[in-house]
Amino acid sequence: MNFIEIIKYNFDSLQSYSQQELIQSVQTLDLSLENIMPYITEPQQLEYGRNIIYHTKKLEVMVLYFPSLAKTLIHDHGTSIGCVYVVQGSLQNHLYIEGTGENKPTYTQVQQFTQGDLFSINNDTIHMMQNPTLFPTITFHVYSPPLEGVKTHFA
Numbered sequence: 348m349n350f351i352e353i354i355k356y357n358f359d360s361l362q363s364y365s366q367q368e369l370i371q372s373v374q375t376l377d378l379s380l381e382n383i384m385p386y387i388t389e390p391q392q393l394e395y396g397r398n399i400i401y402h403t404k405k406l407e408v409m410v411l412y413f414p415s416l417a418k419t420l421i422h423d424h425g426t427s428i429g430c431v432y433v434v435q436g437s438l439q440n441h442l443y444i445e446g447t448g449e450n451k452p453t454y455t456q457v458q459q460f461t462q463g464d465l466f467s468i469n470n471d472t473i474h475m476m477q478n479p480t481l482f483p484t485i486t487f488h489v490y491s492p493p494l495e496g497v498k499t500h501f502a
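This is the structure:
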C-alpha cells in the first residue's frame with residue numbers, strides 16, 4: 348500500500364473520530380520524512396506550504412511546510428479537533444484565549460515542540476505556529492471534522 352492508502356485504511360475504520368482515536372491512529376503511522384516528502388509544497392499566498400493530502404466528510408489530513416522563521420496567522424479551528432505531529436524541525440505553538448466582545452485574543456503561553464512530538468488541537472484552541480529556526484519544519488495534521496468556519500484573529 349502507498350502512504351495515502353495507509354492513511355485511508357487507518358482513519359476510515361475509526362468509530363468516533365475522538366481526539367484519542369485520532370492521536371492513536373497518527374501514532375501508528377510511519378511519519379518519516381521519506382513518506383512525507385512527496386506531499387511537501389512550497390508556500391504560495393501564505394508564509395508556509397499547506398497540502399491537504401486526504402479528505403472525507405469526517406476527516407482532513409494535511410502536511411505543512413514551514414521555511415525558516417515562517418509562521419501561521421493567529422487562528423482557531425472552528426468546530427474541529429485534531430492533532431499535529433512534528434515530522435522534522437522545531438515548532439513553537441503560541442496559545443491565546445478568546446477576547447470578550449470586540450477584544451482581541453490574549454496571548455497566554457508558548458509551547459516548544461521538536462521532531463517526533465505530537466500535540467492536540469481542541470475546538471477552542473486559538474494559536475499561531477512558528478518555525479523559530481533557520482532550518483525547515485514539516486508537520487502532519489489531522490482534523491475531524493474537516494476544517495470549516497476557521498476564524499483568523501489579529502492581535
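Start counting the sequence shown at 348; every next residue gets the next number (the numbering used here). All C-beta atoms, glycine included, are put in the ideal place defined by N, C-alpha and C. These numbers were taken from a predicted model, which means no experiment stands behind them.
- When C-alpha distances from Tyr395 are compared across Gly446, Met475, Ile370, the shortest belongs to Met475.
- In the structure shown, the three-state DSSP call for Asn478 is coil.
- The beta carbons of Gly496 and Thr426 sit closer together than 9 Å.
- Below 8 Å, too few C-beta pairs join the region 453 to 473 and the region 400 to 415 to call them touching: fewer than three.
- In the DSSP assignment, Glu495 falls outside any alpha helix (DSSP H), carrying neither H nor E.
- In the displayed model, Met384 falls within a helix according to three-state DSSP.
- Under DSSP, Lys451 shares a beta bridge with no residue.
- Taking C-alpha positions only, Ile473 is separated from Leu369 by approximately 20 Å.
- If you check the CB distance, Thr486 and Leu438 come in under 9 Å.
- Looking only at Asn357, His500, Leu411, the smallest Cα-Cα distance to Glu449 is reached by His500.
- Approximately 18 Å separates the beta-carbon atoms of Ile421 and Met409; this is outside 8 Å, ruling out the contact.
- Under the three-state reduction of DSSP output, Ser437 falls in the strand class.
- Between His488 and Gly436, the C-beta spacing is not below 9 Å.
- Uninterrupted beta strand (DSSP E) stretches at least 3 residues long and entirely within the region 382 to 436 occur at 396 to 402, 407 to 413, 428 to 435, given in chain order.
- In its chain, beyond the 5 residues on either side, Asn357, Phe358, Leu361 have a beta carbon closer than 7 Å to the beta carbon of Ser372.
- For Leu369, the enclosing alpha helix (DSSP H) covers residues 366 to 375.
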